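Visitor: Protein chains in written order, with the working numbering: chain D, 114 to 257; chain F, 922 to 1233; chain G, 18 to 275. Note that beta-carbon positions come from the ideal geometry of N, C-alpha and C, so glycine has one too. Since the model is a prediction, treat every value here as computed from it, not as a measurement. Sharing a structure with you now.
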Amino acid sequence: MGRGVSAEEPPKGAEPPSGGAVPGGDAPGAPGRGESWERRLDTPPDVWAVFLQARKRDPHIHVGDVHAPDAEMALIVAKENYTRRDPCVNLWVVRAGEIHSTTEDAAEMFAPATDKSYRFGGSYRKQQQIYHSGWRLSHRDEDQ
Amino acid sequence: MEARPQVQDDPELLARFTERIAAGDQIEAGEWLPGEYRFEAQRLIQMHANSEIMGALPEREWIPRAPTLARKMALTAKVQDEVGHGMLLYRVAETLGRSREEMIAELVEGKARFHNVFHYPAETWADVAIIQVFVDGAAMQTQGALRSCSYAPYARVLKRICYEEDFHIQLGLDVWRTLAEGTPRQRAMLQDALRRWWTPLIHFFGMPDRISPHTEKMLAWRIKVKSNEELRQQFLRRFVPIILEYGLEVPDPGLRRVDGEDRYVYTEPDWEELKRVGRNGGPKSAERLALRQRFYRQHAWVREAVHLWAAA
Amino acid sequence: MSGTPPAATDPRVGAAFREWLLRTADDELIIGHRHSEWTGFGPDIESDVALSSIAQEEIGHARAFYTQLAAGVDDADRLAFARAPAEYRHATLVERENDGWEWSIVRLVLYERYEAERLRLLSASAQEPVAGLARTLLREERYHALFADAWLTRLARGREEGHRRVQAALEAAWPEALGFFEATDADATLAAAGIVDSPAAQRRRWEAAVRQVLEPCGLVIPSASPKEGGRRGQHTPEFDRLHDQMTEVYRSDPEARW
Chain D
114 MGRGVSAEEP PKGAEPPSGG AVPGGDAPGA PGRGESWERR LDTPPDVWAV
164 FLQARKRDPH IHVGDVHAPD AEMALIVAKE NYTRRDPCVN LWVVRAGEIH
214 STTEDAAEMF APATDKSYRF GGSYRKQQQI YHSGWRLSHR DEDQ
Chain F
922 MEARPQVQDD PELLARFTER IAAGDQIEAG EWLPGEYRFE AQRLIQMHAN
972 SEIMGALPER EWIPRAPTLA RKMALTAKVQ DEVGHGMLLY RVAETLGRSR
1022 EEMIAELVEG KARFHNVFHY PAETWADVAI IQVFVDGAAM QTQGALRSCS
1072 YAPYARVLKR ICYEEDFHIQ LGLDVWRTLA EGTPRQRAML QDALRRWWTP
1122 LIHFFGMPDR ISPHTEKMLA WRIKVKSNEE LRQQFLRRFV PIILEYGLEV
1172 PDPGLRRVDG EDRYVYTEPD WEELKRVGRN GGPKSAERLA LRQRFYRQHA
1222 WVREAVHLWA AA
Chain G
18 MSGTPPAATD PRVGAAFREW LLRTADDELI IGHRHSEWTG FGPDIESDVA
68 LSSIAQEEIG HARAFYTQLA AGVDDADRLA FARAPAEYRH ATLVERENDG
118 WEWSIVRLVL YERYEAERLR LLSASAQEPV AGLARTLLRE ERYHALFADA
168 WLTRLARGRE EGHRRVQAAL EAAWPEALGF FEATDADATL AAAGIVDSPA
218 AQRRRWEAAV RQVLEPCGLV IPSASPKEGG RRGQHTPEFD RLHDQMTEVY
268 RSDPEARW
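Written as structure tokens, this is what we have:
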């Protein structure tokens, strides 16, 4: 598959393979290696993850955890432990032990191995900017 | 205190780990760690957490005595921040394998360590200014450097802590300025407080590092980021000018800037005192630990009650 | 704008209103002081932090009321720190030492219902700008009550020993809680002027509100006579010690800037 019509040329020598498998069957993350890609967070039962919504339009962001005996108390203490200096309109708490996570090994699964510039208006440069400069995250106001 | 681990690490995992750190990578909670890395990081972070909790004690004595309503609120907020930092740091230490309950029990039983500065008395209102400017300022040097440590949960929490400590120093400078520009009695009180805190401040950064394989490893693993002496010099460069700016005296007559260099020489302090204090033998160590223990025991039924209510 | 609330063209009514505001300011300062003493010693770190915020807000409320009463912020400090103990008008319940976590929680539960009621009366009193101030402060009181109620429930219903201790604290606190409603001439003056209603009516509403949180916890409302005196400046040795400590640095040089 080609890259599609694009006004920009990728920098020399940096062309990713278009489509197809990652070379090298023994590469980490390749199927068959038998390592776990997901797990539950290993946290004590009374630890609650706190998610803060700064303003009405914002997503809830994980700002840290509290120890609390139950959900109501977790919300009550989260207010003063995490919103003293941060704007907040809404809080979530969830037992941290209920959180399921991908493993660190699996991180490279998320990075595009092959060219996905078709998701970026056909611009390979834009794709690289976003993946390598930490700029233009879709959920942050300041990046819009 | 636990002994160093004797477990053999898987050599392949260890090699990969060392490579990652050398490449500037950071480690997240739940990843494989060499036994010694886990031990050292846990000990460092636990001591930091303990220090925040114990650090509340000298300053909180002045909350009831704060001389204006604004100071009363500000000091309460400042000490509250320190207690909150303890909460954040115990959580990080917990990710390395010990429960918060265990660590706090160890602290109140006098078996755990906390930074030297918090073993000393806060004798006057002026001590509040010294603590907020110089003690927090000293902690900032270490905490600021460790923002680039290799254990990501610690690095993240330190960003928040440094952000808040900055406000403390601003508030502290306000009290400092008010006293330094105040009555002769206020200035004298401030100078005296500075005199009493000077040695503990110099001690805070620890003895100049011995060149040892241990130190080398801590630096390579980025559990330690800067040397003790580097941090002490950073502190002196930032804070000695503040003393001089307000016409106060640096309590060490042997302290001076080296000509043409960005470095200070100072009178070598008595390191034995630091060792004694480190073993919880400081002027206020026993009293403060006993106070903590008293409340810890007083609240035992409270802890049980909430646990039972939640379980019902 | 001077410190005297307007709309009180009758100087007697004005004076009565000022006395009412002074009670409010003193109650908030002294209970805020007691709550601030828990900083670093709470039963868990998170609640320690939360109560510390409540303390700061109570002291902040006190400052707002002192500022209304005085000519400005500096004089607010003078009002807070320069009076003799007999000149304070807080209820004696708020000056009592923190006798255990359950004591402070029970006191906070009883106080919050009283304070919320008082601020509502003030908001409705048409005495600007204090009425506007009261409306703002009410927003912070909601959290104080949430915190207090959540703790009361867990202490009183968690286990037998907790229930016993909370009931004992309630028995000890109740007579002086009734002291919130101690009446002086000022109350009659204000009621006659239609600014607020009588202490007896306020007490009835307060008891009904307090019953709503105490009874579900299985707690028994004590029947006891009021222990009064605070509204007339009659305080306990506990307040002498508090006042001594609170004003120690200020008094070391009242003319200095701190």
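For a test of the three-state rule: what should DSSP assign to D:Trp205, helix, strand or coil?
Guide: Counting from 1 along the first sequence, the entry for residue 205 of chain D is found at position 92. Of the three classes helix, strand and coil, the one that applies to D:Trp205 here is strand, per DSSP.
Visitor: If you follow the beta strand (DSSP E) that D:Thr215 is part of, which residue opens it and which one closes it?
Guide: Looking up residue 215 of chain D in the first sequence gives position 102. That run of the beta strand (DSSP E) goes His213 to Thr215.
Visitor: Could you tell me whether the Cβ atoms of F:Val1000 and F:Glu973 are closer together than 8 Å?
Guide: On the second sequence, residue 1000 of chain F is found 79 positions in, with the first residue counted as 1. On the second sequence, residue 973 of chain F is found 52 positions in, with the first residue counted as 1. No. Outside cutoff.
Visitor: Which residues, in order along the region 171-190 of chain D, keep a beta-carbon less than 8 Å from a beta-carbon of chain F?
Guide: Correct list: Gly177, Asp178, Val179, His180, Pro182, Asp183 and Met186.
Visitor: Against G:His161, what residues of chain F qualify as contacts under a CB-to-CB distance less than 8 Å, listed in chain order?
Guide: Here residue 161 of chain G refers to the residue found at position 144 of the third sequence. Here the premise fails: no neighbours, minimum Cβ distance about 15 Å.
Visitor: Does any residue of chain D bring its CB to less than 8 Å from the CB of F:Val1223?
Guide: As a first step, residue 1223 of chain F is located in the second sequence; it is residue number 302 there, counting from the start. No, no contact with chain D.
Visitor: Using beta-carbon positions only, say whether F:Phe1125 and F:His1006 come within less than 8 Å of one another.
Guide: For the purposes of this step, residue 1125 of chain F is identified with residue 204 of the second sequence, where counting begins at 1. For the purposes of this step, residue 1006 of chain F is identified with residue 85 of the second sequence, where counting begins at 1. It is not a contact, given that the beta carbons lie outside the stated cut-off.
Visitor: Going along chain D in order, which residues have a C-beta closer than 7 Å to the C-beta of F:Val1227?
Guide: Walking along the second sequence from the start, residue 1227 of chain F turns up at place 306. Result: Pro182.
Visitor: Residues in the region 999-1014 of chain F with C-beta within 9 Å of chain D's C-beta atoms, listed in sequence order?
Guide: Residues Gln1001, Asp1002, Gly1005, Met1008, Leu1009, Tyr1011 and Arg1012.
Visitor: May I ask you to verify whether the region 231-240 of chain G touches the region 252-261 of chain G, counting CB pairs closer than 8 Å and requiring at least 3?
Guide: Contact between the region 231-240 of chain G and the region 252-261 of chain G is absent, because fewer than three Cβ pairs lie under 8 Å.
Visitor: I'd like the span of the alpha helix (DSSP H) that includes D:Gln242, first residue to last.
Guide: In the first sequence, counting from the first residue as 1, residue 242 of chain D sits at position 129. Looking at the DSSP string, the run of the alpha helix (DSSP H) that includes D:Gln242 is Tyr237 to Ser246.
Visitor: Which residue spans inside the region 23-63 of chain G form an unbroken alpha helix (DSSP H) run of at least 4?
Guide: Runs found: 28-53.
Visitor: Taking 7 Å as the cut-off, is the CB of F:Val1000 close to at least one heavy atom of the ligand NAD?
Guide: Absent from the structure shown: the ligand NAD. Ligands present: none.
Visitor: Using a Cβ-Cβ cut-off of 7 Å (strictly less than) and excluding sequence neighbours within five positions of F:Arg1178, which residues of its own chain qualify?
Guide: The sequence position of residue 1178 of chain F within the second sequence is 257, counting from 1. Cβ neighbours of F:Arg1178 beyond the five flanking positions: Tyr1185.
Visitor: Which of the three DSSP states, helix, strand or coil, is assigned to F:Ala1043?
Guide: As a position in the second sequence, residue 1043 of chain F is number 122, starting the count at 1. In the structure shown, F:Ala1043 sits in coil (DSSP, three-state: anything other than H, G, I, E or B).
Visitor: Can you say whether D:Asp199 is buried or exposed, counting buried as having 16 or more other CB atoms within 10 angstroms of its CB?
Guide: Looking up residue 199 of chain D in the first sequence gives position 86. It is exposed - the Cβ of D:Asp199 has fewer than 16 other Cβ atoms within 10 Å.
Visitor: For the beta strand (DSSP E) that D:Gln166 lies in, which residues bound it at each end?
Guide: Against the first sequence, residue 166 of chain D aligns to sequence position 53. Run containing D:Gln166: Val160 to Gln166, per the beta strand (DSSP E) assignment.
Visitor: Is D:Arg208 close to chain G, meaning its C-beta is less than 8 Å from at least one C-beta of that chain?
Guide: Walking along the first sequence from the start, residue 208 of chain D turns up at place 95. Not one chain G Cβ lies under 8 Å of D:Arg208.
Visitor: Whole angstroms are fine: how far does the CA of G:Arg274 sit from the CA of G:Thr84?
Guide: One-based indexing of the third sequence puts residue 84 of chain G at position 67. One-based indexing of the third sequence puts residue 274 of chain G at position 257. Each residue's alpha carbon lies about 18 Å from the other.
Visitor: Judging by CA-CA distance, which residue of D:His173, D:Ala181, D:Ala162 and D:Gln241 is the nearest neighbour of D:Thr227?
Guide: Counting from 1 along the first sequence, the entry for residue 227 of chain D is found at position 114. Ranking the options by Cα distance to D:Thr227, first place goes to D:Gln241.
Visitor: Quick check on F:Asp946: buried or exposed, where buried means 16 or more other Cβ atoms within 10 Å of its Cβ?
Guide: Here residue 946 of chain F is taken as the residue at index 25 of the second sequence, counted from 1. That one is exposed.
Visitor: So which of G:Tyr267, G:Leu39, G:Ile212 and G:Pro271 has the shortest CA-CA distance to G:Thr26?
Guide: Locating residue 26 of chain G in the third sequence gives position 9, counting from the first residue. When each option's Cα is compared against that of G:Thr26, the closest is G:Ile212.
Visitor: Applying the 10 Å Cβ sphere with the 16-neighbour rule, what's the burial state of G:Pro60?
Guide: Position 43 of the third sequence, counted from the start, is the residue given in the question as residue 60 of chain G. Answer is buried; the Cβ neighbour count reaches 16.
Visitor: Kindly list, in the order they appear in chain F, the residues whose Cβ is closer than 9 Å to that of D:Glu151.
Guide: Along the first sequence, read from residue 1 onward, the residue named residue 151 of chain D stands at position 38. Result: empty, since nearest Cβ-Cβ is about 12 Å, beyond 9 Å.
Visitor: Candidates F:Ser1148, F:Thr1136, F:Leu1100 and F:Asp931: which alpha carbon is nearest F:Gly1168's?
Guide: Along the second sequence, one-based indexing puts residue 1168 of chain F at 247. Of the listed residues, the one whose Cα sits closest to F:Gly1168 is F:Leu1100.
Visitor: Applying the 10 Å Cβ sphere with the 16-neighbour rule, what's the burial state of F:Asp1191?
Guide: Numbered from its first residue, the second sequence carries residue 1191 of chain F at position 270. When all chains shown are included, F:Asp1191 counts as exposed.
Visitor: Can you give the beta carbon distance from F:Ile1082 to F:Val1054, rounded, assuming they're within the 8 Å contact cut?
Guide: Residue mapping note: residue 1082 of chain F aligns to position 161 of the second sequence, counting from 1. Residue mapping note: residue 1054 of chain F aligns to position 133 of the second sequence, counting from 1. About 17 Å separates the two Cβ atoms, so there is no contact after all.
Visitor: With a threshold of 8 Å between beta carbons, is D:Pro225 in contact with chain F?
Guide: In the first sequence, the residue the question calls residue 225 of chain D occupies position 112. So no, D:Pro225 is outside the interface.
Visitor: When the distance is taken between beta carbons, is F:Ile1051 closer than 8 Å to F:Ser1115?
Guide: Against the second sequence, residue 1115 of chain F aligns to sequence position 194. Against the second sequence, residue 1051 of chain F aligns to sequence position 130. Checking the sequence, you will find Leu at residue 1115 of chain F rather than Ser. Yes; because the gap between Cβ atoms is below 8 Å, this pair is in contact.
Visitor: Rounded to whole angstroms, what's the CA-CA distance from D:Met186 to F:Arg1021? Just pull it up for me.
Guide: Counted from its first residue, the first sequence places residue 186 of chain D at position 73. Counted from its first residue, the second sequence places residue 1021 of chain F at position 100. Spanning the two alpha carbons is a distance of roughly 18 Å.
Visitor: Does any residue of chain G have a CB that is nearer than 8 Å to the CB of F:Lys993?
Guide: By one-based count along the second sequence, residue 993 of chain F stands at place 72. Yes, because at least one Cβ of chain G sits closer than 8 Å to the Cβ of F:Lys993.
Visitor: Opposite F:Tyr1011 in the DSSP bridges: which residues?
Guide: For the purposes of this step, residue 1011 of chain F is taken as residue 90 along the second sequence, with counting starting at 1. The partner list for F:Tyr1011 (beta bridge, DSSP) is empty, contrary to what the question assumes.
Visitor: How is F:Asp931 classed by DSSP in three states: helix, strand or coil?
Guide: Within the second sequence, residue 931 of chain F is the residue found at index 10, counting from 1. F:Asp931: coil per DSSP, three-state reduction.
Visitor: Establish whether the CB of F:Trp1097 and some CB of chain G are separated by less than 8 Å.
Guide: Numbered from 1 along the second sequence, position 176 holds the residue referred to as residue 1097 of chain F. No, F:Trp1097 lies away from the interface with chain G (no Cβ there is under 8 Å from its Cβ).
Visitor: Any beta carbon of chain F sitting closer than 8 Å to that of D:Asp139?
Guide: Locating residue 139 of chain D in the first sequence gives position 26, where the first residue counts as 1. Its pLDDT being 40, under 50, D:Asp139 is placed unreliably by the model, and nothing is read from it.
Visitor: When we look at the beta-carbon of D:Pro141 and count the other beta-carbons within 10 Å, is it buried (16 or more) or exposed?
Guide: Numbered from 1 along the first sequence, position 28 holds the residue referred to as residue 141 of chain D. Any answer about D:Pro141 is weak, because its pLDDT of 43 lies below 50 and its placement is not dependable; what the coordinates show is given next. D:Pro141 comes out exposed.
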